[in-house]
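Below: the structure, in structure tokens.
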Amino acid sequence: MKRVSIRAQMLACLFAFTAVTVIAIWACQNLFLEDIYKAYKTREIKDASAKISESLTEGDLESAVIAAAERYDVCVMVLAERGSFEPVSVDAAAGCVIHRMPSIELNRLYAQALSSEGGIIYFSAEGAPVGKGAEGEQSIVLASEADMGTDRAIILLNSTITPVSATVNTLNRILMIITVALIVLSVLLALVISQLIARPITRITRGAARLARGEYHIHFDGGGSKEIDSLASTLNYAKDELSRVDRLQKELIANISHDLRTPLTMISGYSQVMQDIPGEMTAENLQIIIDEAGRLTSLVNDVLDISKLNAGVQTFKRERLCLTELAEGAMERYSRLAAGGYDIRCEFDEPLYIMGDETRVLQVIYNLVNNAVTYTGEDKRVTLRIFRRGEYVRLAVTDTGEGIPKEKLQDIWERYYKVDAHHKRSAVGTGLGLSIVRGIMREHGGGYGVESSPGAGSTFWVDFPATGQ
Ligand code: ADP
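Here it is in structure tokens:
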């Protein structure tokens, strides 16, 4: 389905709003104005009558009549049936009929009005009585009487209802002008508002297209509204993550190719020399080739492990293992190192059991102990401790080496990270060991960590979920 632009939507909304407003005003003017005006006039004349009735018993009748006539724009006639007070009369409104009638007719009119609904009768401009809803100019007469004890007051009020058609015509013409002005305003408003909303979106869309092409230096600006600001900050976050992944990937490829090249150069170089010069066919040179091939194998294995862990394609067995027994078995493999002055100990109080995958658990132990052996201090001591810690069994490997600076403690778990890439010892490893440990521990639902103080050695620990005997 083809979507409509924000500008078109805005324009449609504002046009609809204008149309509804104009139609509502037009309907009020043309259909209801006359009725509203008549109802208003009728109410006014009733109010005036009520005011005058009040002043008959209390206050000054004459000034009350003058005030009411002025305020409500009506003609007034107040007469005493038995002549107990002087009649009061104000002829204020144009088109008044009560002051132009002979008294006989006035008497008839009075009697007729009193018997009508609400004491009101309507006359046409020509003086003929008409119905309430009649068109054209009208005279409206209200008759009432008030009992004054010995006498009775007769109150007659007269006001005119001018036809609204002329007013309506004028209003309709004004409405036309207002309609045109509203349409122009709607178009302008639609342009401005859609510009305000659409411009940042268009800018962000252009930025996203550049991001897709790998331009990670761009910055997404919000501006306009809260929603667009949050879209911009989400995109900035996505951009940072993409650029980080991209950088890591490039580093990984650079590192792998570098690490592969060194042993490969050595292997091909030495084999070439051994082939060309018969005297070079020595056991030492052969050992170098074997060692380098070994390095190559472990590097390739590490890289494979990492990618399998990352892809989540490896299946982990979950079986009951005796961690202490596994660790002891692994330590035996290091016993050869004792001849080189290494003091590797394995300490625990009782056999401890965990749930895990044997091959992976051994991989964790070897990685940690290998690092400890590589980085341990002059005394060449490495201690492996296994103990129960709540729901977990902890395996901690302590060395006496230089330790790791505090600010690097987080990074060492990253792929290919080496604290000091130029350090002789760091050249030994691939920088993948701890990353593999992290991946395996996550798969086991266990924890991992390191405590280290520079100069005093480090303790790497891992927590495996414990299980009973
Ligand atoms: P590598 O194969 O380089 O040892 P690792 O991922 O196992 O890679 O370790 C990452 C980095 O962490 C190492 O290069 C080293 O700088 C640091 N590191 C690891 N273990 C220790 C340790 N026991 N003592 C000091 N530094 C260590």
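So the sequence shown is numbered by the working numbering: it starts at 0 and just counts up by one.
Positions of the beta carbon are idealized from the N, C-alpha and C atoms, including for glycine.
Residue i CB to nearest heavy atom of the ligand ADP below 7 angstroms
| i | result |
| --- | --- |
| serine 334 | no |
| alanine 371 | yes |
| phenylalanine 459 | yes |
| tyrosine 215 | no |
| asparagine 366 | yes |
| aspartate 469 | Residue 469 falls outside the range modelled here, since the chain spans only 0 to 468, and no answer is possible. |
| tyrosine 374 | yes |
| serine 232 | no |
| valine 418 | yes |
| glycine 432 | yes |
| isoleucine 192 | no |
| cysteine 305 | Correcting the residue type first, residue 305 is isoleucine in the shown sequence and not cysteine. Not so, every heavy atom of the ligand ADP lies at least 7 angstroms from the Cβ. |
| isoleucine 411 | yes |
| isoleucine 403 | yes |
Supposed contact pair residue j and residue i - C-beta distance, whole angstroms, cut 8 angstroms
| i | j | result |
| --- | --- | --- |
| alanine 326 | isoleucine 385 | 6 angstroms |
| isoleucine 97 | asparagine 168 | Wrong, their Cβ atoms sit about 31 angstroms apart, outside the cutoff. |
| glycine 222 | proline 199 | 5 angstroms |
| valine 19 | glutamate 61 | So it is not a contact: roughly 52 angstroms between Cβ atoms. |
| serine 451 | isoleucine 403 | 4 angstroms |
| leucine 78 | valine 163 | With 8 angstroms as the limit, leucine 78 and valine 163 do not qualify as a contact, their Cβ atoms being about 33 angstroms apart. |
| tyrosine 121 | alanine 142 | Incorrect: roughly 13 angstroms between the Cβ atoms, too far for contact. |
| arginine 414 | leucine 251 | 6 angstroms |
Cα-Cα separation, residue i to residue j
| i | j | result |
| --- | --- | --- |
| arginine 6 | leucine 190 | 6 angstroms |
| glycine 94 | isoleucine 24 | 31 angstroms |
| arginine 99 | glutamine 137 | 15 angstroms |
| glutamine 28 | lysine 225 | 42 angstroms |
| arginine 424 | glycine 206 | For arginine 424, the predicted structure reports a pLDDT of 45, less than 50, and the residue's modelled location is therefore unreliable. The matter cannot be settled from this model. |
| alanine 426 | arginine 2 | Its pLDDT being 48, under 50, alanine 426 is placed unreliably in this model, and the value from its coordinates should be taken loosely. Rounded to whole angstroms, alanine 426 to arginine 2 spans 59 angstroms at the Cα level. |
| glycine 438 | leucine 285 | 36 angstroms |
| leucine 263 | tyrosine 374 | 26 angstroms |
| threonine 508 | leucine 181 | Missing from the structure shown is residue 508; the chain here goes from 0 to 468 and no further. |
| tryptophan 412 | asparagine 370 | 13 angstroms |
| glutamate 346 | arginine 243 | 41 angstroms |
| glutamine 271 | tyrosine 236 | 52 angstroms |
| leucine 184 | leucine 195 | 16 angstroms |
| aspartate 275 | isoleucine 266 | 14 angstroms |
| glutamine 409 | phenylalanine 463 | 21 angstroms |
| arginine 387 | alanine 465 | 8 angstroms |
Neighbour-count burial assignment, residue i, 16 or more Cβ in a 10 Å radius
| i | result |
| --- | --- |
| methionine 9 | buried |
| aspartate 342 | exposed |
| proline 470 | Because residue 470 is not part of the residues shown, which for the chain are 0 to 468, the question remains open. |
| tyrosine 71 | buried |
| histidine 216 | exposed |
| alanine 63 | buried |
| methionine 159 | Inspection of the sequence shows that residue 159 is occupied by threonine rather than by methionine. Answer is buried; the Cβ neighbour count reaches 16. |
| arginine 359 | buried |
| phenylalanine 315 | exposed |
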